[in-house]
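**Student:**
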Amino acid sequence: NGAASPQSITVDVSKIKQVASDFIFYANQDGFAKGDLIGVAVTEDGIVKGMYSNGNVKNIARLAVATFKDKEMLVRKGNNLYLPNTQTYTPIITPGGILSKVRSGFLELSNVDISREFINLITAQRAYQANARVITTDDQILQEAMNIKR
Numbered sequence: 037n038g039a040a041s042p043q044s045i046t047v048d049v050s051k052i053k054q055v056a057s058d059f060i061f062y063a064n065q066d067g068f069a070k071g072d073l074i075g076v077a078v079t080e081d082g083i084v085k086g087m088y089s090n091g092n093v094k095n096i097a098r099l100a101v102a103t104f105k106d107k108e109m110l111v112r113k114g115n116n117l118y119l120p121n122t123q124t125y126t127p128i129i130t131p132g133g134i135l136s137k138v139r140s141g142f143l144e145l146s147n148v149d150i151s152r153e154f155i156n157l158i159t160a161q162r163a164y165q166a167n168a169r170v171i172t173t174d175d176q177i178l179q180e181a182m183n184i185k186r
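Numbers given in my numbering equal positions in the sequence shown, counted from 1, plus 36.
(1) On the DSSP letters alone, give me the boundaries of the alpha helix (DSSP H) that residue 164 sits inside.
(2) Quick one: what's got a C-beta closer than 7 Å to residue 127's C-beta in the same chain, skipping five residues either side?
(3) Residue 107 by DSSP, collapsed to three states: which one?
(4) What residue range does the beta strand (DSSP E) around residue 77 cover?
(5) I need the DSSP call for residue 88, collapsed to helix, strand or coil.
(6) Determine, using beta-carbon pairs with one atom in the stretch 93 to 102 and one in the stretch 135 to 142, whether at least three such pairs fall under 8 Å.
(7) Using DSSP's beta-bridge definition, name the partner residues of residue 112.
(8) Considering only the beta carbon of each residue, do residue 76 and residue 70 sit closer than 8 Å?
(9) Select from 106, 81, 72, 97 the residue whose C-alpha is nearest the C-alpha of residue 90.
(10) Excluding the five sequence neighbours on either side, which residues of its own chain have a C-beta within less than 7 Å of the C-beta of residue 74, listed in chain order?
(11) What is the rounded straight-line gap between the Cα of residue 163 and the Cα of residue 114?
(12) State the CB to CB distance for the pair residue 68 and residue 95, rounded to an integer number of angstroms; the pair is presumed to be in contact (CB under 8 Å).
(13) Rounded to the nearest angstrom, how far is the Cβ of residue 132 from that of residue 82, given a contact under 8 Å?
(14) In this structure, what does DSSP give as the bridge partners for residue 94?
If you want it as structure tokens, here you go:
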């Protein structure tokens, strides 16, 4: 009928104590409150750290770095993306920070607008030339004033 055979259980309550006084429950914090991801940082060894709104910082991932022995075997696809030009060419994959350092926040290519910078350079050069002419003219006026006095 599926019933288990009876078991004999002995309960020892001799070591249980009851204190006849008031008591309070209190909690110790041993963790963090719920937090939202508010930022990400990458260390030199390629560890991606997530920063949360509750002050907690956790390692999220580790970047892998692909090294190619022959850079000529790569074909530029645009947007800083390169692919091997043959299916048989295999890169050497290592965790970030082993063979090289990971630089977070750096730009690989310059983000300078060349035409804007040339305009700024020419403007600064013209301002310098104009100021130099003012000084030369001022020197000439002072020289003439000294000659008139004599």
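Backbone N, C-alpha and C define an ideal beta-carbon position, used for all residues, glycine too. Note that the structure is a prediction, hence the values are computed from the model and not measured.
**Tutor:** The relevant details are as follows:
(1) 150 to 185
(2) The residues are 102, 103, 104.
(3) Note: residue 107 maps to helix in three-state DSSP.
(4) 73 to 78 is the extent of the beta strand (DSSP E) around residue 77.
(5) Per DSSP, reduced to three states, the secondary structure at residue 88 is strand.
(6) Result yes; three or more Cβ-Cβ pairs closer than 8 Å.
(7) 118
(8) no
(9) Taking only the C-alpha atoms, the option nearest residue 90 is 72.
(10) 87, 88, 89
(11) If you take the alpha carbons of residue 163 and residue 114, they lie about 40 Å apart.
(12) That belief does not hold up - the Cβ atoms of residue 68 and residue 95 are roughly 15 Å apart, past 8 Å.
(13) 2 Å
(14) 86
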